[in-house]
Amino acid sequence: MRIIKTFFILLLAFSIISCSLVKTAYNNAPALIAWRLDHYFNFSEAQKAKLKPALQDLHAWHRKNELPRYVSLLDEINDDLNHEISSQTACQRIESIKSNLRTLQTKIIPIIVDVAETLSDKQLQYLQKKLEKRNQEWKEEWWQETIEEQREVRLEKSQDFAEKVYGDLNEKQINLLKQAIARSDIDPAITYSEILRRDEESLAILKSLRDPALSNEQKSQLVRAGFERMQNSPNPAYQAYIDKVTQQTCETIASLHTSTTIKQRQHAQQWIEDYKTQFTQLQSK
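Residue numbers (this note's numbering): 3 to 287.
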């Protein structure tokens, strides 16, 4: 169900874009999501017309019900920044984000079912080619030839995000990230294998949703089960791997925060506060 995640990735991931763009991106989310999905499916005009009001309704629901939850979560995170945090606390915040994702997944199931019923063989083939291209781009971004190169890329991305939050890192903090990355069990081969599994399952589910013999409830259950397998992989080896990597990430977050200065924590609190202000204002458009 990876491509379907576009729905909620675009709605939840505004914290990684410039704060000045949050309002513009959020207020135009239905059009942005429709455009992104069209990139993968090459919708007909009739399909676009069917999707548009559904996305607008989803957006209105999200603005009313989910944005207040994001503000509450940001309040919790901002409070965390006042003191040292444990890896357990970091993992709790990650789990809160996952909970928000699950709520949104449930809400978009009817949209997926309605649109999938109209997909042609040609569109599913188009999707498959797009996923193959996307997978190749993922490999180019994350799966370099040597472990050293992979670690360099991860350090660059980790440092870039950390400095958005805390401001400039000092040498000791950069070394902390280097050491954490060196200890990490992240393996692109394992991740890529799971990506392929999810793609294969996504295509199979979309094909099944076109079966007129299935009831809407049966179709909804297919999508619901697919989302569940995104959260908890049927591959026990992968699930054990991702659980361990997540725990290591939580430990790194806690260690980095412990190392921060008062000035850096103030920077982080202002960074969070800026997004909280944006999300609060967006609740009333």
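Backbone N, C-alpha and C fix where the C-beta goes; we use that ideal spot for every residue, glycine too.
Counted within 10 angstroms of its Cβ, other Cβ atoms place S101 as buried (16 or more) or exposed: exposed
W145 - DSSP class collapsed to helix/strand/coil: coil
Contact under 8 Å by Cβ, A270 with V167: yes
Distance between A33 and K54 (C-alpha atoms, nearest Å): CA-CA distance, K54 to A33, rounds to 8 Å.
beta-carbon K221 near the ligand SAH non-hydrogen atom, thresh 7 Å: Among the ligands in the structure shown, none appear at all, so the ligand SAH cannot be discussed.
Counted within 10 angstroms of its Cβ, other Cβ atoms place F163 as buried (16 or more) or exposed: exposed
Contacts around R65, its chain only, beta-carbon distance under 7 Å, and the 5 residues preceding and following it disregarded: L284 and Q285
Classification of T149 by the beta-carbon crowding that lies within 10 angstroms, buried from 16 upward: Sequence inspection shows Ile at residue 149; the Thr mentioned does not correspond to that position. Exposed, because fewer than 16 other Cβ atoms sit within 10 Å of the Cβ of I149.
Secondary structure, alpha helix (DSSP H): runs of 4+ residues fully inside the segment 39–73: 47–67
E196 beta carbon less than 8 Å from that of N234: no
Span of the alpha helix (DSSP H), counted from its first residue to its last, around I90: The displayed chain sequence assigns Gln, not Ile, to residue 90. Q90 -> alpha helix (DSSP H) spans S89 to A118.
Local conformation of R212 per DSSP, three classes: coil
Selected residue, minimal CA-CA separation from H259, among K135, K174, T26 and M232: K174
Buried/exposed call for E246, threshold 16 Cβ in 10 Å: Residue identity differs from the one stated: residue 246 is Lys in this sequence, not Glu. Exposed, because fewer than 16 other Cβ atoms sit within 10 Å of the Cβ of K246.
Cut-off 8 Å between Cβ atoms - residues of its own chain near T248, not counting five sequence neighbours on either side: C93 and I96
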